[in-house]
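J.: In the working numbering, the protein residues as written are 13 to 81.
For each residue, glycine too, the CB sits at the ideal point set by N, CA and C.
This structure is a prediction, so every number in the text was calculated from the model and none was measured.
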Amino acid sequence: MSSREIVSPFVTSSYSGGGSANECVDVAHTADGGRAVRDSKDRDGGTQFYGAEAWGAFVGAVKGGRFGG
């Protein structure tokens, strides 16, 4: 199992950029329970990978309002 093995289709987030269709990211699950993230406007421009713990901390921070949104 590789942390960079993508095991689900990418889906486009509707929460990026305050709802703007021009500032979205695509997110997919990885084999280790983390996430792969890419720019929906430049899907061939590279993918960032986050482990399950880092992704969980990020989601918790977003839900907790720590990004000013």
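1) Quick check: the Cα distance between H41 and G68, rounded to an integer number of angstroms?
2) At which residue ranges does the region 20-72 contain complete beta strand (DSSP E) runs of 3 or more residues, listed in the order of the chain?
3) Could you name the residues of the same chain whose beta carbon sits closer than 6 Å to that of V19, not counting the 5 residues immediately before and after it, in chain order?
4) Let me know if V23 comes out buried or exposed under the rule of 16 or more other beta-carbons within 10 Å of its beta-carbon.
T.: Reading off the structure:
1) Position 29 of the sequence shown, counted from the start, is the residue given in the question as residue 41. Position 56 of the sequence shown, counted from the start, is the residue given in the question as residue 68. If I take the Cα positions, the gap works out to 12 Å.
2) 37-41, 47-51 and 60-62
3) On the sequence shown, position 7 is the one that residue 19 refers to. H41 and A43, listed in sequence order.
4) Sequence index remark: in the sequence shown, residue 23 carries index 11 (1-based). Exposed: under 16 other Cβ atoms inside 10 Å.
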